[in-house]
Amino acid sequence: MTTTDLPNQNDNKRRKKSKPIDPNRCEFILLNKKRRCGMMRQKDHRFCLDHQKLQPKSDDVDAQDRIPCPLDPKHTVWKNDLEQHLKKCNARAVETHEAWYKKNYNTVLQSQIEVPKKSNELDLCATKTEEQINERHQVFTKVIELLKEYSKTLEPLLEKVYRHPGLDSWVQAKENKKHILQQSSLAGLLKELELLNPHNFFVEFGCGKGELSRTINACVVSDYNNQFPKDCKYGFGFIDRGCNRMKVDNKILQDCEKHEIHPHIKRSRIDIEHLVVDKFLESVEPDGVVAISKHLCGVATDLTLKCLLNLTTTLKNLKGLVVAMCCRHVCDYEQMLPESREYLAANGIEDDTMFSVLKKVVTWAVCGSMTGDEDPNYKEKEQLGLIARSMIDNARVTAINKLMPLFHARLTRYATMDITLENHCLQITKRQ
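Structure, rendered in structure tokens:
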């Protein structure tokens, strides 16, 4: 039997409290979010630097001085600074790679010579002919019927919502508590699984600034403050393909200074797709390795699982994984584990065309209703979205239990829906 996370009547959707708008905020309106841009503007400008190009030509400021960056048009740059900017822009091509980079290493399982196929997923946003529209409608109808049938096999998802006392002061200090409560719950889950200890080296995938690792460190320090073992290989590895500002690497070291604890910190800007974990950990030589992440998006989760399956020298040191998942709508059918695709096929999702529709249905679990809860189809669509999400997650669990016989994988619900709608956690631990 597999599990799902159906709506709970006691769960309320998040409702944000309105705050007064800072008069120095950018005046650009984000239509899809129905609010003003959150960036600050200069005193004599209407817009922030990214939206400066929208400044009317009649204004005193010359809007043409600000141009999109040729390497990444998502941000802008002053025209006369362009040459210098291109030398240091984070979007520029990487010329040299670190020793743990191997192109497309995790697109396949190294134990199975599996050639990735070109995806034939439906582009649901492209303009369609009438025949294509009818075909898509038929696939949608079939997938929805399959999900209704699949729901009959599901059991309620096991709820594991924790509060680690090491983060109680953090919870009290935060005005917006949704992230710290999730981090506290994940830390509590790690403790229950006996993974929260200074003998482990935690590798955070899709780490961003590394906030999850910082809170995990606070909990380890809280639990072992007066009995921290000497010469342990405790520390954190950060993996992210993006270039993040305000990283917490040094803050973790500062948090440990007064306790005379010296964790190893290692960060790499690399796509999980190209990461050889054995090489990354070579200089650390950890006693135990624990993979963690909070809201690891779509295909990144499947690539992380392949990372673990491709371990060789470090496999004996792997203790487990705790990953809060999200964004199944950006999964890639060909990057799913072969056993995951087999599970989907056994439940009627036989190819990437049907999978593209399944991903569309998944969004219904979190997208809300434009007309409010009064929409007669809203609850049904939300439930179908949750069932679709469970199907993808259960496919991952089934694959890991087949491919890693020494480990056990399962799903839990680590937070209530008023804290986060993306509240599924994948945990992998060694079998006793």
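Going by the UniProt record's numbering, the first residue of the sequence shown is number 1, and it counts up by one from there.
Built from N, CA and C at the ideal position, the CB exists for glycine as well.
None of these values were measured; they are calculated from a predicted model.
Using only the alpha-carbon positions, how far apart do residue i and residue j sit?
| i | j | result |
| --- | --- | --- |
| LEU337 | ASP223 | 37 Å |
| ASN80 | LYS174 | 42 Å |
| ASP418 | VAL203 | 28 Å |
| VAL276 | LEU109 | 12 Å |
| residue 440 | GLU282 | No answer is possible for residue 440: the residues shown for the chain start at 1 and end at 432. |
| ALA218 | ASP255 | 8 Å |
| VAL220 | PHE140 | 47 Å |
| LEU303 | LEU186 | 21 Å |
| HIS97 | ASP22 | 43 Å |
| GLU145 | LEU384 | 10 Å |
| LEU49 | GLY38 | 12 Å |
| TYR333 | LYS230 | 46 Å |
| SER169 | ARG163 | 11 Å |
| ARG413 | ILE392 | 15 Å |
| VAL284 | VAL299 | 27 Å |
| LYS225 | ASP287 | Here residue 225 turns out to be Asn, not Lys, going by the sequence shown. Their Cα atoms are separated by approximately 20 Å. |
| THR129 | MET40 | 44 Å |
| LEU189 | PRO156 | 19 Å |
| TYR343 | CYS331 | 15 Å |
| ALA399 | LEU309 | 11 Å |
| CYS89 | LYS102 | 23 Å |
| ARG214 | ASN104 | 30 Å |
| LYS379 | GLN84 | 53 Å |
| VAL248 | GLU211 | 7 Å |
| residue 434 | THR301 | Residue 434 falls outside the range modelled here, since the chain spans only 1 to 432, and no answer is possible. |
| PHE236 | LEU321 | 14 Å |
| LYS178 | VAL171 | 9 Å |
| CYS326 | PRO198 | 28 Å |
Along the chain, where does the alpha helix (DSSP H) that runs through residue i open and close?
| i | result |
| --- | --- |
| ALA99 | Here ALA99 belongs to no alpha helix (DSSP H), and DSSP marks it neither H nor E. |
| SER111 | It is not in any alpha helix (DSSP H) - SER111 carries neither H nor E in the DSSP assignment. |
| LEU82 | 82-88 |
| CYS256 | 249-257 |
| CYS307 | 298-309 |
| LYS53 | Neither: LYS53 is in no alpha helix (DSSP H) and is coded neither H nor E. |
| HIS264 | Per DSSP, HIS264 belongs to no alpha helix (DSSP H); it is in the beta strand (DSSP E), 264-269. |
| ILE133 | 130-150 |
| THR412 | THR412 -> not in any alpha helix (DSSP H); beta strand (DSSP E) instead, spanning 407-413. |
| VAL361 | 352-362 |
| GLN383 | 378-403 |
| ARG341 | 338-346 |
| ARG279 | In the sequence under discussion, the amino acid at residue 279 is Lys, which differs from the Arg named in the question. First-last of the alpha helix (DSSP H) with LYS279: 277-280. |
Residue i lies in the beta strand (DSSP E); which residues open and close that run?
| i | result |
| --- | --- |
| PRO165 | Note, PRO165: premise wrong, no beta strand (DSSP E); not H, not E. |
| HIS427 | One point to set straight first is that residue 427 is Gln, not His, in the sequence displayed. Note, GLN427: beta strand (DSSP E), 424-430. |
| GLU155 | 154-156 |
| CYS326 | 318-326 |
| residue 491 | Nothing about residue 491 can be reported from this structure: the residues present for the chain run from 1 to 432 only. |
| PRO70 | No beta strand (DSSP E) holds PRO70; DSSP gives it neither H nor E. |
Below 7 Å CB to CB, which residues in the same chain sit around residue i once its five sequence neighbours on both sides are set aside?
| i | result |
| --- | --- |
| ASP278 | LEU311, THR312, THR313, THR314 |
| TRP78 | ASP65, ARG66 |
| ASN317 | PRO286, ASP287, GLY288, VAL289 |
| MET246 | LYS209 |
| ARG241 | ARG269, ILE270, ASP271 |
| PRO68 | THR76 |
| MET354 | VAL139, VAL143 |
What is the C-beta distance between residue i and residue j, in whole angstroms, given that I count them as a contact (C-beta under 8 Å)?
| i | j | result |
| --- | --- | --- |
| ASN244 | LYS209 | 5 Å |
| GLN183 | LEU196 | GLN183 to LEU196, Cβ: 12 Å. No contact. |
| ILE272 | ASN106 | 6 Å |
| ILE387 | LEU31 | Incorrect: roughly 31 Å between the Cβ atoms, too far for contact. |
| TYR234 | ASN200 | 7 Å |
| ALA415 | VAL94 | 36 Å between Cβ atoms; not a contact. |
| ILE180 | CYS207 | The pair is not a contact, with the Cβ atoms about 17 Å apart (cut-off 8 Å). |
| LEU305 | ARG431 | With 8 Å as the limit, LEU305 and ARG431 do not qualify as a contact, their Cβ atoms being about 17 Å apart. |
| PHE205 | ALA291 | 6 Å |
Beta-carbon within less than 6 Å of residue i's beta-carbon, same chain only, minus the 5 sequence neighbours each way: which residues are those?
| i | result |
| --- | --- |
| ARG389 | ARG328, VAL362, ALA365 |
| VAL323 | SER293, LEU296, LEU426 |
| GLN52 | ARG66 |
| PHE28 | CYS37, PHE47, HIS51 |
| ALA99 | LYS279 |
| ARG25 | ARG36 |
| PRO20 | none |
For residue i, collect the residues of the same chain with a Cβ closer than 8 Å to its Cβ; drop the 5 residues on either side in sequence, then sort them by chain order.
| i | result |
| --- | --- |
| GLU192 | LYS160, TYR162 |
Quick one: which unbroken alpha helix (DSSP H) runs of 4-plus residues sit fully inside the region 188-237? Chain order, please. 211-224
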